[in-house]
Amino acid sequence: MEYGPVDAQLYGWVLDPLLYPLRPQVVRLCRELGAGEILDIASGTGAQCRLLGRAGMRATGIDLSEAMLAVAARHGGRNVRYFQGTAYELPFSDGAFDAALLSLALHEHDEPQRVLMLSEALRVVGSGGHVLIADYAIPRASAVHPVWQVIRLVEHLAGAEHRAGFRDFVLRGGVEGFLGRHGLRASLSARSHWGAVGLSAAPVAAGRRSR
681 MEYGPVDAQL
691 YGWVLDPLLY
701 PLRPQVVRLC
711 RELGAGEILD
721 IASGTGAQCR
731 LLGRAGMRAT
741 GIDLSEAMLA
751 VAARHGGRNV
761 RYFQGTAYEL
771 PFSDGAFDAA
781 LLSLALHEHD
791 EPQRVLMLSE
801 ALRVVGSGGH
811 VLIADYAIPR
821 ASAVHPVWQV
831 IRLVEHLAGA
841 EHRAGFRDFV
851 LRGGVEGFLG
861 RHGLRASLSA
871 RSHWGAVGLS
881 AAPVAAGRRS
891 R
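Going from the sequence shown to the numbering used here is simple: count from 1 and add 680.
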């Protein structure tokens, strides 16, 4: 999805604070994994990169949106750098990172597009590294779960294509279902937003590519 300047500002003012509970969880898992070089794919306004950088890790963000990258650059941050590019063709060499993060990026797309994104994430992570995926997961008692109901409303308002991707992703098992379909198994996992967001880290074997 392409974001303009107004969209990017609104994202920083509204969505970044709402997503904040997830950010420290990502930092914690990366620290436990011993990851030093981390790629944040679809990094948006750079909030996750900045938190990783403050924790002493080196974070690289990549996003398609010039407006998002402009907001990220204005915020600055130590141990961070940003590139413009697509998640379908990352401008980095094989095995360049210890870990790659796809945070709330997969549900916006259809399955063939998700596979391309995962394949590129696997390619740029070295053997023994990890791919981290954070995305929506249907929580317990979802019908009366206030956070889940807000998420469903936001996804519904985002448009037909976005809504279809969200529905397909969660009905097929969310993060765990996606990893399982592509032969990956989480070594570490966590939940955020009272169970409405799942976070999993899957190890990458030598020569591993998405199926």
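Glycine is no exception: its CB is placed at the ideal position from the N, C-alpha and C atoms. Since we're looking at a predicted model, the values are computed, not measured.
Whole angstroms is fine: what's the gap from residue i's alpha carbon to residue j's?
i: residue 817; j: residue 806; result: 28 Å
i: residue 751; j: residue 771; result: 21 Å
i: residue 848; j: residue 796; result: 17 Å
i: residue 850; j: residue 743; result: 24 Å
i: residue 838; j: residue 788; result: 10 Å
i: residue 875; j: residue 765; result: 31 Å
Report buried or exposed for residue i, applying the criterion of at least 16 other Cβ atoms within 10 angstroms of its Cβ.
i: residue 790; result: exposed
i: residue 860; result: exposed
i: residue 832; result: buried
For residue i, which three-state DSSP category applies?
i: residue 827; result: helix
i: residue 790; result: coil
i: residue 854; result: helix
i: residue 720; result: strand
i: residue 713; result: helix
Can you check which of these residues, the options, is closest to residue i by C-alpha distance?
i: residue 815; options: 873, 763, 737; result: 873
i: residue 794; options: 819, 833, 868, 721; result: 721
i: residue 803; options: 768, 822, 716; result: 768
i: residue 871; options: 812, 808, 829; result: 812
Touch test, the stretch 777-786 against the stretch 698-710, Cβ-Cβ under 8 Å, three pairs minimum: yes
Indicate whether the contact test is met: 3 or more Cβ pairs, each with one atom in the stretch 840-847 and one in the stretch 770-779, closer than 8 Å. no
Are the stretch 751-763 and the stretch 722-733 touching, with three or more C-beta to C-beta distances below 8 Å? yes
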